[in-house]
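Visitor: Take any residue in the sequence shown, note its place counting from 1, add 16, and you have its number in this note's numbering.
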Amino acid sequence: MKHPKLFSPITITPQCILRNRIVKTGQSTWLWNEDGSADGSRGVDLYENIAKGGAAAVIVGGCAIEDTPGIYLGLYDDRFIPGLQELTGRVQAHGCKIFAQFHHSGPAAWPRLGQLPISSSSLDVNEIPMPPPNGNPCRGLSISEIHEMRERIVESIVRADKGGFDGMEVHAAHGYFLNSFVSRVWNRRDDEYGCQNVENRTRIVREILQEARKRCRPDFVLGIRMNGREYGAKKGITLEEALENAQAFEAAGAQFLNVAGYGYGTMPFRYCPDYFPYPEPEDFMEPYMDIYRHKGLWTDSAGYVKKVVHVPVITAGRMNEDLAERVLNEGDADIIGLGRTLWADPEFPNKVRDERFEDIVRCTRCASCEDPVTQPRICRVNPSLGRDRELDMSPAIRKKKVMVIGGGPAGMEAARVAALRGHDVTLYEKEAQLGGRIRLASMIKGCDVENVLPVYEYLTTQLGKLPVKLRLGVTVTAETVRKEQPDAVVIATSSPYAVPDIPGIHSSRVFTIKGLAGQVKLPMRLFGPRLLEKLTHVFLPVGKRVVVLGGQIEGVQGAVFLKKRGREVTIIEESASIGGGIPERFLQRIGPWFRKKGVEVLTESRAEAITDDGVKVRLKDGTQKFVPCDSVMVLMPQVPDTALTESLQGIVAEVHVIGSSLGAENGLLKHALLDGRRVGCRL
Numbered sequence: 017m018k019h020p021k022l023f024s025p026i027t028i029t030p031q032c033i034l035r036n037r038i039v040k041t042g043q044s045t046w047l048w049n050e051d052g053s054a055d056g057s058r059g060v061d062l063y064e065n066i067a068k069g070g071a072a073a074v075i076v077g078g079c080a081i082e083d084t085p086g087i088y089l090g091l092y093d094d095r096f097i098p099g100l101q102e103l104t105g106r107v108q109a110h111g112c113k114i115f116a117q118f119h120h121s122g123p124a125a126w127p128r129l130g131q132l133p134i135s136s137s138s139l140d141v142n143e144i145p146m147p148p149p150n151g152n153p154c155r156g157l158s159i160s161e162i163h164e165m166r167e168r169i170v171e172s173i174v175r176a177d178k179g180g181f182d183g184m185e186v187h188a189a190h191g192y193f194l195n196s197f198v199s200r201v202w203n204r205r206d207d208e209y210g211c212q213n214v215e216n217r218t219r220i221v222r223e224i225l226q227e228a229r230k231r232c233r234p235d236f237v238l239g240i241r242m243n244g245r246e247y248g249a250k251k252g253i254t255l256e257e258a259l260e261n262a263q264a265f266e267a268a269g270a271q272f273l274n275v276a277g278y279g280y281g282t283m284p285f286r287y288c289p290d291y292f293p294y295p296e297p298e299d300f301m302e303p304y305m306d307i308y309r310h311k312g313l314w315t316d317s318a319g320y321v322k323k324v325v326h327v328p329v330i331t332a333g334r335m336n337e338d339l340a341e342r343v344l345n346e347g348d349a350d351i352i353g354l355g356r357t358l359w360a361d362p363e364f365p366n367k368v369r370d371e372r373f374e375d376i377v378r379c380t381r382c383a384s385c386e387d388p389v390t391q392p393r394i395c396r397v398n399p400s401l402g403r404d405r406e407l408d409m410s411p412a413i414r415k416k417k418v419m420v421i422g423g424g425p426a427g428m429e430a431a432r433v434a435a436l437r438g439h440d441v442t443l444y445e446k447e448a449q450l451g452g453r454i455r456l457a458s459m460i461k462g463c464d465v466e467n468v469l470p471v472y473e474y475l476t477t478q479l480g481k482l483p484v485k486l487r488l489g490v491t492v493t494a495e496t497v498r499k500e501q502p503d504a505v506v507i508a509t510s511s512p513y514a515v516p517d518i519p520g521i522h523s524s525r526v527f528t529i530k531g532l533a534g535q536v537k538l539p540m541r542l543f544g545p546r547l548l549e550k551l552t553h554v555f556l557p558v559g560k561r562v563v564v565l566g567g568q569i570e571g572v573q574g575a576v577f578l579k580k581r582g583r584e585v586t587i588i589e590e591s592a593s594i595g596g597g598i599p600e601r602f603l604q605r606i607g608p609w610f611r612k613k614g615v616e617v618l619t620e621s622r623a624e625a626i627t628d629d630g631v632k633v634r635l636k637d638g639t640q641k642f643v644p645c646d647s648v649m650v651l652m653p654q655v656p657d658t659a660l661t662e663s664l665q666g667i668v669a670e671v672h673v674i675g676s677s678l679g680a681e682n683g684l685l686k687h688a689l690l691d692g693r694r695v696g697c698r699l
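What follows is the structure, encoded as structure tokens:
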């Protein structure tokens, strides 16, 4: 076995022994019933799938201690207990432990019903550690209100015990309610819950542990999620304070410690250790970048915590199987927490154990699952997350002859799923290589934060294992389909990108996405996207001053790419906002970064002409502006191309159009993989 430590058992308590060192960390799913109950919900399906996939334990995040309709799993009323018992029973039936993680956002919450978020202390807009809209003023609680909240939390822990959970993780990390007492960023009190010393700052957490211990089963496990460090704010938790906190929690009865972290600043950072390096890390994070690259941002803190406590320590953050094994062997943690890794592939533990590494669906760190606009959560690379009932991949009742036209991600996924279900599948691609524009996207995005290459690698590998016939370098026409006489056709070709019809658009100084794709075709084949991305820092065939036409995902990501290579960049966008299609966690950081780097953004503006010296722009107030530049990049959204679909009318009865064939609104990788999975299940 290549990862023996990762798959060795560990004892949390004599009654709670984990079969391996892999734990699903707490994340809210938004997959529960509208009233917050679990009974028969898709959330139960999700956690059962993770249990079947080989994880030793799951921590169910987002368990509400007060009424939060339609989002979190309810722990605030006894009426939830039957559903909790269904959830815990289905998970435990697979040899997997299950813990609840109570949730209250505290000062990290958005204002609700005109009320300020609650915290240990009242802070106005000038005192909060990050400016609006990412931070909001908060209201401090009185002593009696603190006691009421403490009792509410303890009652929820007792209810989790009655619901069959093996334990509770008390959330005292991130910027949430209990953390607002533990961290001097929020805590400005001068009473027994005040900021003066570790005893006072940890008091409410210790009281919760001690009271829950009295009222729960003796073998019910109590753990803590805590911040090992806080970044980017005065009075943030230091490593030294974290060690004191850890010892205080252990002394109060914590039976494991899950070490996380939190970040503040003008560019939203928060708790996730993935997104802060995009487009570049803040200056205050530079001292931690070597640690981040070597073993993960939180693992360094966890290693120090492990040296001062005697209970198991959990770490998490950008873990893969090799890093996890190394972290365990080097003594930085006892247990590895995986979050989005197990959303992307619930079978990750079993695949690693069986050394089927090429079959793992890797998380690409795209932040699609973190988008607050998208409820319930989605996973770009695992379209079945929360959709298992809809996306049934069982064998097809009637086998069909299927033509899939287009070898990008949508077509590859459609062909893969259709073949798995027993259909006779042929995949056609006009280029000599599969993948569509995913390799070009990888070169532009890079692989350090978001990394789309694993999608390409997984799909090509899986197609190689299946009886899918490949027809590369073939352009499909209506006559091709007529000769093949398929039962079904799936059109997954890429739509063209918009190019404005303005004077000068055909100048040699103007670059389009189609033209760029043609230019990099040979270098991409010779060097691959990873090396080619590095080489573009040395040589890039565009001028020093670049105007980007288009301010949605294509244009914004192109502008980031250019600015990182030392270009002066101006974005011209006809609509009122930029960044459409970029997940919120990344988009929130782009605006401050553009301002810091001097990227000019002209919204509600239109390019009217391209000259030898620059671009004539009509501004939103009706005036004209001339933007000097050496090069123009047209990075605008896709427009639907229906010609092939229309040509097949009357030739084949069953035609499905998927992915970016439908245009910009359906042109992202998350759309491609969902469409491919969905049509593969429907054929």
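Beta carbons: idealized from backbone N, C-alpha and C, even for Gly.
For clarity, every value in this text was computed on a predicted model and none was experimentally measured.
Less than 8 Å between the C-beta atoms of residue 559 and residue 619, yes or no?
Guide: No, the pair does not count as a contact, with Cβ atoms beyond the cut-off.
Visitor: Roughly how far, in whole angstroms, is the beta-carbon of residue 475 from the beta-carbon of residue 428, given that I think they are within contact range, below 8 Å?
Guide: Indeed, because the Cβ distance is near 4 Å, the residues count as touching under 8 Å.
Visitor: Excluding the 5 residues preceding and the 5 following residue 599 in the sequence, name in chain order all residues of the same chain whose CB lies nearer than 8 Å to its CB.
Guide: Hits under 8 Å: 382, 383, 384, 386 and 387.
Visitor: Between the alpha carbons of residue 133 and residue 70, how many angstroms are there, rounded?
Guide: Taking the straight line joining both Cα atoms gives about 38 Å.
Visitor: Taking residue 788 as the reference, give the member of 142, 698, 326 and 490 with the closest Cα.
Guide: Lying before the first or after the last residue shown, residue 788 is absent from the chain, which here runs from 17 to 699.
Visitor: Counting only runs of 3+ residues fully inside the region 419–492, write out the beta strand (DSSP E) ranges in chain order.
Guide: Fully enclosed beta strand (DSSP E) runs of 3 or longer: 440–445 and 485–488.
Visitor: Please tell me whether residue 674 and residue 692 are closer than 8 Å, where the distance is taken between their beta carbons.
Guide: It is a contact, given that the beta carbons lie within the stated cut-off.
Visitor: Would residue 464 be called buried (16 or more neighbouring beta carbons within 10 Å of its own) or exposed?
Guide: Looking at its Cβ environment, which holds fewer than 16 other Cβ atoms inside 10 Å, residue 464 is exposed.
Visitor: Rounded to whole angstroms, what is the Cα-Cα separation between residue 29 and residue 273?
Guide: The straight-line gap from Cα to Cα measures roughly 13 Å.
Visitor: State the Cα-Cα distance for the pair residue 218 and residue 330, rounded to the nearest angstrom.
Guide: Straight-line Cα distance between these residues: approximately 20 Å.
Visitor: Considering Cα atoms alone, identify which of 83, 529 and 64 is closest to residue 51.
Guide: Residue 83 is the option with its Cα nearest to residue 51.
Visitor: I'd like the span of the alpha helix (DSSP H) that includes residue 561, first residue to last.
Guide: Note, residue 561: premise wrong, no alpha helix (DSSP H); beta strand (DSSP E) at 561–565.
Visitor: Suppose only complete runs of 4+ residues qualify. What are the alpha helix (DSSP H) ranges in the region 292–377, listed by chain order?
Guide: DSSP runs (the alpha helix (DSSP H)) wholly in the region 292–377: 305–311, 313–324, 337–345, 356–360 and 364–369.
Visitor: May I ask you to list the residues that DSSP assigns as paired with residue 586?
Guide: 563 and 616, per the DSSP bridge assignment.
Visitor: Helix, strand or coil for residue 594? Go by DSSP, reduced to three states.
Guide: If DSSP states are grouped into helix, strand and coil, residue 594 belongs with coil.
Visitor: Could you check which residue in 315, 60, 237 and 205 has the C-alpha nearest to that of residue 333?
Guide: Considering only alpha carbons, the answer is 315.
Visitor: Let's test the definition: count the other Cβ atoms within 10 Å of the Cβ of residue 541 and tell me whether it reaches 16, buried, or not, exposed.
Guide: Residue 541 is exposed by the Cβ-count criterion.
Visitor: Residue 359: buried (16+ other C-beta within 10 angstroms of its C-beta) or exposed?
Guide: When all chains shown are included, residue 359 counts as buried.
Visitor: Applying the 10 Å Cβ sphere with the 16-neighbour rule, what's the burial state of residue 677?
Guide: When all chains shown are included, residue 677 counts as buried.
Visitor: According to DSSP, which residues form a beta bridge with residue 249?
Guide: According to DSSP, residue 249 bridges with nothing at all.
Visitor: Given residue 613, which residues of its chain have a CB within under 6 Å of its CB, disregarding the five upstream and five downstream residues?
Guide: Excluding residues within five positions, the ones whose Cβ falls inside 6 Å are 579.
Visitor: Using the Cα positions of residue 192 and residue 120, report the straight-line distance between them to the nearest angstrom.
Guide: So the alpha carbons of these two residues sit roughly 6 Å apart.
Visitor: In terms of DSSP beta bridges, what is residue 139 paired with?
Guide: DSSP lists 154 as partners of residue 139.
Visitor: Sort out for me which residues DSSP pairs residue 174 with in a bridge.
Guide: According to DSSP, which records beta bridges pairwise, residue 174 is partnered with nothing at all.
Visitor: Which two residues bound the contiguous beta strand (DSSP E) that contains residue 187?
Guide: Unbroken beta strand (DSSP E) run through residue 187: 183–188.
Visitor: Return the chain-ordered list of same chain residues with a C-beta closer than 6 Å to the C-beta of residue 576, the five sequence neighbours on each side being excluded.
Guide: So the qualifying residues of the chain are 295.
Visitor: Can you look up residue 274 in the DSSP assignment and give me helix, strand or coil?
Guide: Strand, per DSSP.
Visitor: Kindly list the residues whose CB is nearer than 7 Å to the CB of residue 178, restricted to its own chain and excluding five residues on each side of it in sequence; keep chain order.
Guide: So the qualifying residues of the chain are 97.
Visitor: Can you tell me where the alpha helix (DSSP H) with residue 681 in it begins and where it stops?
Guide: That residue, residue 681, is in no alpha helix (DSSP H); it is neither H nor E in DSSP.
Visitor: Whole angstroms are fine: how far does the CA of residue 337 sit from the CA of residue 513?
Guide: Looking at the two C-alpha atoms, the distance is approximately 39 Å.
Visitor: Taking residue 673 as part of the alpha helix (DSSP H), name the residues at either end of that continuous run.
Guide: Taken as a continuous stretch (DSSP letters only), residue 673 belongs to no alpha helix (DSSP H), being part of the beta strand (DSSP E) at 670–673.
Visitor: Closer than 8 Å is the cut-off here; do at least three beta carbon pairs connect the region 394–412 with the region 654–672?
Guide: Judged by Cβ distances under 8 Å, the region 394–412 makes no contact with the region 654–672, as fewer than three pairs qualify.
Visitor: Suppose you measure from the CA of residue 650 to the CA of residue 249; what does that come to, to the nearest Å?
Guide: If you take the alpha carbons of residue 650 and residue 249, they lie about 40 Å apart.
Visitor: If you follow the alpha helix (DSSP H) that residue 497 is in, where does it begin and where does it stop?
Guide: Residues 494–500.
Visitor: Relative to the alpha-carbon of residue 561, which residue among 574, 46, 21 and 582 has its alpha-carbon at the smallest distance?
Guide: For residue 561, the nearest C-alpha among the options comes from 582.
Visitor: When we look at the beta-carbon of residue 261 and count the other beta-carbons within 10 Å, is it buried (16 or more) or exposed?
Guide: Result: buried.
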